[in-house]
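Trainee: Quick one: structure below, then a few questions.
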Amino acid sequence: MASEVTDIHTDSAGETTPRRLFVYNGGFLTSKRIRRILALSGWDVTLGKPASGDWVGVWGKSPTAPRGEAVAEKTDTPVLRVEDAFLRSLFPGRDGEPPIGLMLDRQGVHFEGGKPSDLETLLATHPLDDTPLLDRAREGMARLQEAHLTKYAAVDPDLNAPDPGYVLVIDQTRGDASIVHGGANEASFQEMLYYAQTEHPAARIVIKTHPETSGGHRSGHFTQEHCNERISICDAPVSPWTLLEGAVAVYVVSSQMGFEAIIAGHKPVVFGQPFYAGWGLSDDRSPLPFPRRRRTLTRAQLFAAAMLVYPVWYDPCRDRLCRFEDVLAQIEAQARAWREDRHGWKAQNIRLWKRDHFQRFFGRNKAVQFTNGPDRSEMHWGRPEQPLRDVTIVEDGFLRSRGLGAELVPPMSLVLDDRGIYFDPTRTSRLEDLIRQRATLRKGQTLRAEALMRALINQGVSKYNLSGELPVLPDGHRILVPGQVEDDASVRYGCDDVNTNLALLQATQQPIRTRQSSISPTLTWKRGFALVRCRTAIWTV
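With the numbering used here as the guide, the letters of the sequence shown map in order to residues 32 to 572.
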């Protein structure tokens, strides 16, 4: 796969060396992330004049691209065109956030309809019939929608879209390269709005503003002047998947939301020549006059080529190239944190030694305020003794740390619950909700869960991961009785009669004595466990 193979060549000495990539755009030099992805992909970014075997790198069809194109033509050097991948980051690059994936194209650029690109060639010639690849594509599409992820993932799934039944018209920023190189112009947007109204005379029209327009970076093609009693503009960070769910039709010029509309089950009306047009999945009003796109694809095939095969994906945690699924998990985590934390938290009952760790967990968008008394919309460590209004309970996660909290070892994971808490069976919790929602798993979800369980078992990972010698276990069958701190909240709220270690041992031994009175249990206490030897079976209590 393209995202898992570096682009290196063998020199005359038999050594593998990166190809030299000569650039004439400062962004290649100032962005550490872009340089790192290129380096991991086998490209050595440099300045100067290219020689035989070298390449020239340009950023898509940006205003600086002609510099590199001129050098490439003069020196007869091939061009590598670099662009952001379709799943990029939380915020646009103009907000300073680096990309998590790149598209490295040797033929052209994916949004230029008049010329072929590596992506178009993949879509036209790749078999795209491998069952595991298509299974990954279907799971990827489902996860994008479920997690409300898009190119710029800082959207709020809790924001309401307009009432269903509208026609969705997608705006883009003025001067975007995908417009002019995608066979369209500014007049295409007015034409798109006209046909959206005339072809759906009874429907409301909702115009979705581009995130860079909403962020004040670049103007779009539609303003409030285009609005009336029938036409409205949506410039809030509403999830595109929420908007697509309520739409009866989708109109685009060359926006990526047209691709997402296809994933969501629409057949968008397209007035440009984007990469997703021409494959039987869209209503193309400006079809390509070339016979390159004659193939009919499924949604899964389109997604597999565009998201799994074509891009180069980067894992910022492990500093390596990775598969799409790893990037998806990274963006899922970032988006969830932003959505939950961006308004800020007021935290109560947080010990002083934990507060720096809390800032790192929850204060990246807005600093956590620590309080001593009850307050609205607050975060509270553990279940409060007295019910508080609008409280989110915080507790250690199930994979906590390498060491105990009692020894001031900071947690690596925390649990947030605004319904209850997992150890309190007297009321529902978010964990219970999640378990109910996963009563039936998709194939991909089952595989992920099984892979995680195997990893935990194979690596011997537990909640605290304590070091030291393991106890010597008695031979034969055993009953494992895990001991607990008896005033632990899970014991206080989750137990009735059996609420001490001694009572647990007595309850464990009772059925044994009843079944085999000749058994004489041998107890061994070490590292918080009681091991009860028995010749009958292994019991876990």
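Don't be surprised by glycine CBs; every beta carbon is placed ideally from N, CA and C. It should be emphasised that the depicted structure is a prediction, and the values quoted were computed from it without experimental measurement.
Which one of P49, L71, P129 has the shortest CA to CA distance from G58?
Mentor: Selection P49, L71, P129 evaluated against G58 yields P129 as nearest (Cα-Cα).
Trainee: Since H257 contacts T204 with CB under 8 Å, what's their CB separation in whole angstroms?
Mentor: Not really, about 16 Å apart at Cβ, beyond 8 Å.
Trainee: Tell me whether the region 168-186 and the region 331-343 touch, counting them as touching only if at least three CB pairs, one residue from each stretch, are closer than 8 Å.
Mentor: yes
Trainee: By Cβ distance below 6 Å, which residues in the same chain neighbour M443 in space, the five residues on each side in sequence not counted?
Mentor: S432
Trainee: Can you check DSSP and say which residues form a bridge with Y282?
Mentor: In the DSSP assignment, Y282 is bridged to V200, V300.
Trainee: Under three-state DSSP, which class holds E151?
Mentor: helix
Trainee: On the premise that V269 lies in contact with V281, defined as a C-beta separation below 8 Å, what is that separation, rounded to the nearest angstrom?
Mentor: With 8 Å as the limit, V281 and V269 do not qualify as a contact, their Cβ atoms being about 14 Å apart.
Trainee: Using a Cβ-Cβ cutoff of less than 6 Å, which residues in the same chain neighbour D115 once the five nearest sequence positions on both sides are dropped?
Mentor: Within its own chain, the residues whose Cβ lies closer than 6 Å to the Cβ of D115, once the five positions on either side in sequence are excluded, are P130, listed in chain order.
Trainee: Would Y197 and A234 qualify as a contact pair, given that the criterion is a beta-carbon distance under 8 Å?
Mentor: Result yes, Cβ atoms of Y197 and A234 sit closer than 8 Å.
Trainee: Note down, in chain order, each residue of its chain lying with its Cβ closer than 6 Å to the Cβ of A184, except the 5 sequence neighbours on either side.
Mentor: L121, I362, A366
Trainee: Does the pairing of the region 293-307 with the region 83-97 give three or more beta-carbon distances under 8 Å?
Mentor: no
Trainee: Verify whether the separation of the beta carbon atoms of W412 and V422 is less than 8 Å.
Mentor: no
Trainee: Measure the CB-CB distance between G246 and P123 and report whether it falls below 8 Å.
Mentor: yes
Trainee: Looking only at its own chain, which residues have a Cβ that is under 6 Å from the Cβ of H297, when we skip the five neighbours before and after it?
Mentor: V281
Trainee: Which residues mark the beginning and the end of the alpha helix (DSSP H) in which E463 is found?
Mentor: Segment 461-468, the alpha helix (DSSP H) holding E463.
Trainee: Out of E409, R98, V399, R137, which has the shortest C-alpha to C-alpha gap to W74?
Mentor: Among E409, R98, V399, R137, the Cα nearest to that of W74 is on R137.
Trainee: Going by C-alpha to C-alpha distance, which of E500, P502, S498, L536 sits closest to Q515?
Mentor: L536
Trainee: From the DSSP output, which residues share a beta bridge with F401?
Mentor: A378
Trainee: By the DSSP assignment, the beta strand (DSSP E) with R67 in it spans what residues?
Mentor: Judged by DSSP secondary structure, R67 falls outside any beta strand (DSSP E) and instead within the alpha helix (DSSP H) spanning 63-71.
Trainee: Whether or not the region 441-457 and the region 515-534 are in contact is what I'm after, with contact meaning three or more pairs of Cβ atoms, one per stretch, closer than 8 Å; do they touch?
Mentor: yes
Trainee: Span of the alpha helix (DSSP H) holding L165?
Mentor: 162-177
Trainee: Would you call the CB atoms of I68 and L133 closer than 8 Å?
Mentor: Taking 8 Å as the cut-off, the beta carbon of I68 is found closer than this to the beta carbon of L133.
Trainee: Where do the ends of the beta strand (DSSP E) carrying S263 lie?
Mentor: 262-265
Trainee: Can you name the residues that DSSP bridges to H141?
Mentor: Answer is none; H141 lacks a bridge partner.
Trainee: Applying the criterion that 16 or more other CB atoms from any shown protein chain within 10 Å of the CB defines a buried residue, is M484 buried or exposed?
Mentor: Counting C-beta atoms within 10 angstroms of its own C-beta, M484 has fewer than 16 neighbours from the protein chains shown and is therefore classed as exposed.
Trainee: In the DSSP assignment, what are the bridge partners of Y345?
Mentor: L352
Trainee: Compute the Euclidean distance between the alpha carbons of W272 and P158, then round it to the nearest angstrom.
Mentor: In this structure, the alpha-carbon of W272 lies about 29 Å from that of P158.
Trainee: Going by the CB atoms, is the gap between D427 and G436 shorter than 8 Å?
Mentor: yes
Trainee: Nearest-angstrom Cα distance between L224 and Q255?
Mentor: 14 Å
Trainee: Distance cutoff 8 Å, beta carbons only. Does A398 sit that close to anything in chain C?
Mentor: Structure shown: chain C not included; a single protein chain is present.
Trainee: Just reading off the beta strand (DSSP E) that R410 is part of, what are its end residues?
Mentor: Contrary to the premise, residue 410 reads as Met rather than Arg in this sequence. Run containing M410: 409-412, per the beta strand (DSSP E) assignment.
Trainee: Which residues does DSSP pair with S120 in a beta bridge?
Mentor: Per the DSSP secondary-structure output, S120 pairs in a beta bridge with Y183.
Trainee: Per DSSP, what kind of secondary structure is I210 in: helix, strand or coil?
Mentor: helix
Trainee: For T329, which of helix, strand or coil comes out of DSSP?
Mentor: Three-state DSSP puts T329 in coil, outside helix and strand.
Trainee: If I follow the unbroken alpha helix (DSSP H) through W86, where does it start and stop?
Mentor: Where W86 is concerned, there is no enclosing alpha helix (DSSP H), although the beta strand (DSSP E) it sits in stretches over 86-90.
Trainee: Mind checking which residues open and close the alpha helix (DSSP H) that includes G525?
Mentor: 520-525
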